[in-house]
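S.K.: Pasting a structure here, questions to come.
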Amino acid sequence: MPHSSGPTRRRYANEEVSSKLKCHDFPLTVPKDGSSTQRQHASQIVIAHRGASAHLPEHSLAAYRLALELGADYIEPDLVATKDKQLIAIHSLDLSITTNVEQVFGEDRKTVSSYMGNQTGYWAYDFTLEEIQQLTLKQRLPNARSMVFDGIFRIPSLNDILELLIEWNERVQPQLYNLNGNNSTKSSSSSSSLDLAFYKLDYPPPPRGVYAEIKDGPWLLQDTNMNLLDIFFQHMQGNQELWQRAMWQYMCDTKLLKQHQYKLPLLMIQAFQAPILKEFVQKWQELAHPTNDGSLSLTASVPDPDDPAATLTLPLPVPPTILLVPHDSCHREEFWFEIEDSFRDHIRGVGVDKRCFFTVEKSTQSLQYQPIIMEKARKADWVVHPWTERPETEFFVQNDLSGRRWLQQQKQQQDPDASQSTTVSSPFSTVLEEILFFKCKVGVHGIFSESVDIAVRAFNMECPNDNAGASAGSGSASGSSSGPSDACPPTGKASTTINKDNIPLAPVILFSFFLGVLSALLLWKICSSIQRSHDTNGQMNHNNVNGGSIMMTKTNTRRMGGKKHSAVPTSEDEAAQDGDLTLTPEDHEML
1 MPHSSGPTRR RYANEEVSSK LKCHDFPLTV PKDGSSTQRQ HASQIVIAHR GASAHLPEHS
61 LAAYRLALEL GADYIEPDLV ATKDKQLIAI HSLDLSITTN VEQVFGEDRK TVSSYMGNQT
121 GYWAYDFTLE EIQQLTLKQR LPNARSMVFD GIFRIPSLND ILELLIEWNE RVQPQLYNLN
181 GNNSTKSSSS SSSLDLAFYK LDYPPPPRGV YAEIKDGPWL LQDTNMNLLD IFFQHMQGNQ
241 ELWQRAMWQY MCDTKLLKQH QYKLPLLMIQ AFQAPILKEF VQKWQELAHP TNDGSLSLTA
301 SVPDPDDPAA TLTLPLPVPP TILLVPHDSC HREEFWFEIE DSFRDHIRGV GVDKRCFFTV
361 EKSTQSLQYQ PIIMEKARKA DWVVHPWTER PETEFFVQND LSGRRWLQQQ KQQQDPDASQ
421 STTVSSPFST VLEEILFFKC KVGVHGIFSE SVDIAVRAFN MECPNDNAGA SAGSGSASGS
481 SSGPSDACPP TGKASTTINK DNIPLAPVIL FSFFLGVLSA LLLWKICSSI QRSHDTNGQM
541 NHNNVNGGSI MMTKTNTRRM GGKKHSAVPT SEDEAAQDGD LTLTPEDHEM L
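So in the UniProt record's numbering, spot 459 of the sequence shown is number 459, and the numbers just go up one at a time.
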């Protein structure tokens with residue numbers, strides 16, 4: 001069971017206690033204040049689509065492990081069921097797409113699928129787990145990616161994935177971030193002045209999680225009468241110790257997080273079918289009820305604050321559910337009306353085909369960003385995770401085959417006479433530009449990516465200027481309105497704004513000191529100049545004082561009239577030449 005057994009007494013949480021003490025839901029977004037002390041990249045999360053599948057065969061344990069090494073927040077397995085009701089990770093129920101099933105079992109194992117219109121294939125539900133473990137993986141995209149790893153890796157089971165996660169969260173990550181508190185390697189002399197981030201963590205980096213898809217549930221149900229969700233919960237029931245170490249022990253946090261802290265949910269569930277997500281939520285809530293007496297109880301035992309000798313049983317929070325939205329649904333208003341009307345309380349986000357964010361601009365035959373998805377998400381308080389980022393140009397938003405068909409349909413709706421050969425200009429030249437567009441212009445909360453390293457790098461980068469998101473391809477993807485306010489701030493004009501929290505204090509103090517010294521020297525020079533002028537004038541006036549009256553030349557008297565305003569002779573010769581003029585005391589007082 002999720003809760004630990006022990007000699008202490010156990011009692012269930014009543015309404016009064018649970019209002020004070022409960023397992024809090026984890027937020028689905030990362031606070032910006034927490035990005036500098038707890039994670040490698042910014043506030044968007046990286047979901048490793050089928051692992052780091054741009055580098056290694058998809059849905060292999062090696063691809064999952066590499067994704068964690070590269071900084072992914074989640075690994076993303078597609079869960080399907082075998083003949084003996086075991087869960088494995090593979091993208092398609094047709095094993096021939098990514099395995100060597102034809103070579104191992106031959107044509108005799110092909111069967112007909114009624115769900116697929118009587119199509120024949122090597123369906124995963126016709127093979128036991130033992131048989132599937134005889135297969136090896138191969139590259140699904142041989143024309144785009146290397147096949148050097150074909151025949152090396154095997155299809156992982158859900159148990160294999162959970163064990164991989166346990167190893168990472170319990171052994172690898174604590175070593176990377178020194179969470180075990182072993183500072184013996186830190187030299188007291190040479191390292192004492194080093195500003196090492198992981199020695200100053202206010203909160204440990206959260207463990208990495210699983211973003212699992214309940215794959216092809218309707219297909220499995222129609223062809224085999226097996227319910228994939230029932231199999232999923234049966235797996236929990238039969239592997240409770242494994243789930244406890246991998247997930248449940250992290251899922252009950254009774255303390256509220258501080259503003260700069262964060263914890264992502266260890267488990268997230270996604271599906272294309274909203275009814276499946278609703279069923280998952282209801283089933284979890286039923287099993288998590290403290291009075292549930294079944295063999296599977298999704299509860300946690302925590303110390304009772306009112307009785308040190310007792311434990312309190314609390315329900316584990318429901319893992320967030322994400323509805324996957326294909327491009328043939330996202331532009332239909334009736335689809336969104338149904339989701340918001342019937343399933344809004346059972347989903348916490350949408351995973352949207354990235355093509356849903358664009359329409360075709362008729363006048364320029366280019367992609368135009370439309371903010372309708374983000375507006376609907378903000379209204380419903382959903383997170384948005386687009387899919388899927390791949391490094392090959394043929395998979396950019398405008399270039400994949402299905403995308404071209406979709407764009408052509410869009411153009412045909414706008415102009416029935418449009419030529420079938422009309423092409424749409426490319427808005428992006430690299431996958432990095434495309435990810436930056438979704439980060440900075442659209443303002444998504446995370447992204448599915450097969451090139452995990454590029455996604456992590458993009459989320460580490462500052463956003464371009466206001467037009468850069470659109471200029472990912474000559475401005476053809478410019479939006480009709482700006483992204484949400486919490487998107488990355490542009491660095492054009494806004495980059496001149498100084499963030500006072502990031503200014504080092506010492507240079508500011510030093511600069512202020514030198515500025516003060518310079519100002520004092522300048523003031524001293526001005527005052528000295530005035531004093532010298534005053535002393536000179538005083539000496540010359542003293543030489544012209546006679547019997548209490550001031551002696552001035554006639555020339556200077558004339559200059560007083562307007563030519564040269566000075567009461568002091570320019571030279572002794574001039575004064576002697578022009579003669580003396582005695583000023584009365586009244587004149588002296590006036591001067």
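Using N, Cα and C, we set each Cβ at its ideal position, and we do this for glycine too.
Pick helix, strand or coil for Trp382, following the three-state DSSP scheme.
M.R.: If DSSP states are grouped into helix, strand and coil, Trp382 belongs with coil.
S.K.: Along the beta strand (DSSP E) that carries Glu394, what are the first and last residues, could you check?
M.R.: Unbroken run through Glu394: none, as it is neither H nor E.
S.K.: Between the C-alpha atoms of residue 592 and Pro371, what's the straight-line distance to the nearest angstrom?
M.R.: Nothing can be reported for residue 592, as the shown portion of the chain is limited to 1 through 591.
S.K.: Hey, would you say the C-beta of Pro315 is under 7 Å away from at least one heavy atom of the ligand GDP?
M.R.: Absence of the ligand GDP from the depicted structure is noted, as is the absence of any ligand whatsoever, leaving it without description.
S.K.: Could you please give me the residues that DSSP links to Glu361 through a beta bridge?
M.R.: Glu361 pairs with Ser366.
S.K.: Pick helix, strand or coil for residue 651, following the three-state DSSP scheme.
M.R.: Shown here, the chain extends from 1 to 591; a query on residue 651 therefore has no answer.
S.K.: Leaving out five residues on either side along the sequence, give the residues of the same chain with a beta carbon under 7 Å from the beta carbon of Ser184.
M.R.: Confidence at Ser184 is low in this model, with a pLDDT of 44, below 50, so the placement of that residue should be treated as unreliable; the coordinate-derived value is given next. The answer is none, since no qualifying residue turns up.
S.K.: Would you check if there are 3 or more beta carbon pairs closer than 8 Å linking the region 234-250 to the region 91-111?
M.R.: Taking 8 Å as the limit for Cβ pairs, the verdict is that the region 91-111 does not touch the region 234-250.
S.K.: DSSP puts Val350 in a beta bridge; with which residues?
M.R.: Paired residue(s): Leu323, Val384.
S.K.: Okay, do the region 216-225 and the region 270-278 touch, 3+ Cβ pairs below 8 Å being the bar?
M.R.: The region 216-225, when compared against the region 270-278, does touch it at the 8 Å Cβ threshold.
S.K.: With DSSP collapsed to three states, give me the class of Pro290.
M.R.: Here Pro290 sits in coil by DSSP.
S.K.: Run through the region 95-131 for me and flag every whole beta strand (DSSP E) of 3 or more residues, listed as ranges in chain order.
M.R.: 111-113, 119-121, all fully within the region 95-131.
S.K.: What first and last residue would you give for the alpha helix (DSSP H) that runs through Phe337?
M.R.: Start and end: 333-342.
S.K.: Report, in whole angstroms, the separation of the C-beta atoms of Ile347 and Ile322, which I expect to be a contact under 8 Å.
M.R.: So it is a contact: roughly 7 Å between Cβ atoms.
S.K.: Where does the unbroken alpha helix (DSSP H) through Asp307 begin, and where does it stop?
M.R.: No alpha helix (DSSP H) holds Asp307; the beta strand (DSSP E) holding it covers 307-315.
S.K.: Counting only the same chain and skipping the five closest in sequence on each side, list residues whose C-beta sits under 6 Å from that of Tyr74.
M.R.: Same-chain partners within the cutoff: Ile47, Gly209, Tyr211.
S.K.: Using DSSP's beta-bridge definition, name the partner residues of Ser301.
M.R.: Its beta-bridge partners are Thr313.
S.K.: What does the Cβ neighbour count give for Cys463, buried or exposed, with the cut at 16 atoms within 10 Å?
M.R.: Its Cβ being crowded by 16 or more others within 10 Å, Cys463 is buried.
S.K.: Residue 596: which of Pro315, Asp84, Ser429 sits nearest, CA to CA?
M.R.: Any property of residue 596 remains undetermined from this structure, which presents the chain solely from 1 to 591.
S.K.: What's the gap between the Cα of Val456 and the Cα of Ser157?
M.R.: Roughly 27 Å between the two C-alpha positions.
S.K.: Is it right to say Phe514 is buried, meaning 16 or more other beta carbons lie within 10 angstroms of its own, or is it exposed?
M.R.: Under this definition Phe514 is an exposed residue.
S.K.: My output table needs one value for Val210: the three-state DSSP class, helix, strand or coil.
M.R.: Looking at Val210 - three-state DSSP - the assignment turns out to be strand.
S.K.: Using 8 Å as the Cβ pair cut-off and three pairs as the minimum, do the region 376-392 and the region 48-55 touch?
M.R.: Yes, they touch.
S.K.: Excluding the 5 residues preceding and the 5 following Trp168 in the sequence, name in chain order all residues of the same chain whose CB lies nearer than 7 Å to its CB.
M.R.: Contacts found: Leu68, Arg208.
S.K.: First and last residue of the beta strand (DSSP E) that includes Leu79?
M.R.: That run of the beta strand (DSSP E) goes 78-81.
S.K.: Less than 8 Å between the CB atoms is what I'm expecting for Tyr122 and Lys110, so what's the real figure, rounded?
M.R.: About 6 Å separates the two Cβ atoms, so the contact holds.
S.K.: Any idea what DSSP makes of Ala89, helix, strand or coil?
M.R.: Looking at Ala89 - three-state DSSP - the assignment turns out to be strand.
S.K.: Where do the N-terminal and C-terminal ends of the beta strand (DSSP E) with Gln222 fall, by residue?
M.R.: Where Gln222 is concerned, there is no enclosing beta strand (DSSP E), although the alpha helix (DSSP H) it sits in stretches over 217-224.
S.K.: Taking 8 Å as the threshold (C-beta atoms), are Val80 and Ala124 in contact?
M.R.: Result yes, Cβ atoms of Ala124 and Val80 sit closer than 8 Å.
S.K.: State the beta-bridge partners of Leu137 as determined by DSSP.
M.R.: In the DSSP output, where bridge partners are listed per residue, Leu137 has Thr99.
S.K.: I'd like the list of long-range same chain contacts for Ser529, defined as Cβ closer than 6 Å, with 5 residues on each side in sequence excluded.
M.R.: Closer than 6 Å at Cβ, skipping near neighbours: no residue.
S.K.: Which residue's Cα is closest to the Cα of residue 675: Lys263, Val172, Asn227, Leu256?
M.R.: Only positions 1 to 591 of the chain appear in this structure, which leaves residue 675 out of reach.
S.K.: Among Lys22, Leu141, Ser43, Cys23, which one has its Cα closest to the Cα of Thr29?
M.R.: Nearest C-alpha to Thr29: Ser43.
S.K.: Is it true that the CB of Ile231 sits closer than 8 Å to the CB of Leu87?
M.R.: In contact: Leu87 and Ile231 (Cβ atoms closer than 8 Å).
S.K.: According to DSSP, what are the bridge partners of His268?
M.R.: The sequence as given places Met at residue 268; His does not occur at that position. Bridge partners of Met268: Tyr211.
S.K.: From what residue to what residue does the alpha helix (DSSP H) around Phe448 run?
M.R.: Premise fails: Phe448 lies in the beta strand (DSSP E), 446-449, not in any alpha helix (DSSP H).
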